[in-house]
Amino acid sequence: MKRFTIVFLLVIFSNTHFFSQAIHNYSDIFFLDDHNGWILSTNGYLWKTTNAGTDWIRIYDSRIDTSGKITFVDEQNGWLSLRNTLLRSSNGGLNWVQEYEFPLAFYGYDIEFANDSIGFADDSGRLYKSVDQGQNWELVTDTLGQIYDISFYKDSIGYICFTNPSPWGITGIRYIYKTTDQGETWNRSYFEGGGLNESVYYDKIKLFLTMNV
């Protein structure tokens, strides 16, 4: 699964179901594989590509909270976190139903499913876990500081990127923690003094990181 944080410009001209003008802004973009991807645009629409981004079709017209984060585990099953609400789709994003309502203060900064049952969600340093397709969630920890990204390479191996704030209120040391047992345990695999934002996966053996420089 691949999540990109690259600012880009999409210009695709076709019928009314495709992009008809330059699209500058989006709140989240997620690629399941080399071909299938979804964009949640800042105007609240959901777009999908099945040909590696050559064409994008608007598949969901109901306005979605643009603060949302999106993830899919296959071409049909996906989740969308919106503030304190979790939505689920079982048909590739064409329709969405409410799956769970988090506490009122939950903002849903990131969400990732290791497989079609086990998922993780982040809210201001609080890490939640579900083992039943998002129907119920339990707090795993609330001591991680600011979480930038949760990413799973496959259902057992995942990473969390987060910052542990310093006592002076400035950016502290940044860490990557790794799990090999679906999130039951986490071990530190990398840390450095600053600049780490997010992890992005391109193949089976390389882990790429974006940095603030």
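Under this note's numbering, the first residue of the sequence shown is numbered 1, with each subsequent residue one higher. Glycine residues also receive a C-beta, built at the ideal position from the N, C-alpha and C atoms.
Who are residue i's beta bridge partners in DSSP?
i, result
"S89", "G78"
"Y26", "S41"
"L216", "One cannot answer for residue 216 here, as it falls past the ends of the chain, which runs 1 to 213."
"N177", "Note that residue 177 is Tyr in the sequence shown, not Asn. Answer is I160 and R188."
"E101", "T85"
"D110", "D122"
Any idea if residue i is buried or exposed, counting beta-carbon neighbours within 10 angstroms, 16 or more meaning buried?
i, result
"Q98", "exposed"
"L82", "buried"
"H35", "exposed"
"A114", "buried"
"S90", "exposed"
"Q182", "buried"
"R174", "buried"
"L127", "buried"
"E101", "exposed"
"Q133", "buried"
"L80", "buried"
"D122", "buried"
"Q21", "Because the pLDDT at Q21 is just 46, under 50, the model does not fix this residue reliably, and the value given afterwards should be weighed accordingly. So Q21 counts as exposed."
Please list the terminal residues of the continuous beta strand (DSSP E) segment that includes residue i.
i, result
"I118", "It is not in any beta strand (DSSP E) - I118 carries neither H nor E in the DSSP assignment."
"T71", "K69 to F72"
"W47", "L46 to T49"
"S151", "Q146 to F152"
"I64", "Premise fails: I64 is in no beta strand (DSSP E) and is neither H nor E."
In angstroms with no decimal places, state the Cα-to-Cα distance between residue i and residue j.
i, j, result
"F120", "L46", "22 Å"
"S151", "R58", "26 Å"
"G125", "G145", "5 Å"
"T185", "V140", "10 Å"
"G92", "D116", "13 Å"
"K237", "E138", "The chain is shown from 1 up to 213; residue 237 falls before or after that span and cannot be answered."
"L87", "N187", "30 Å"
"D74", "L32", "7 Å"
"S41", "S27", "6 Å"
"I64", "N84", "13 Å"
"T71", "Y153", "13 Å"
"S62", "K69", "16 Å"
"E112", "W96", "17 Å"
"G44", "A52", "22 Å"
"D55", "G37", "11 Å"
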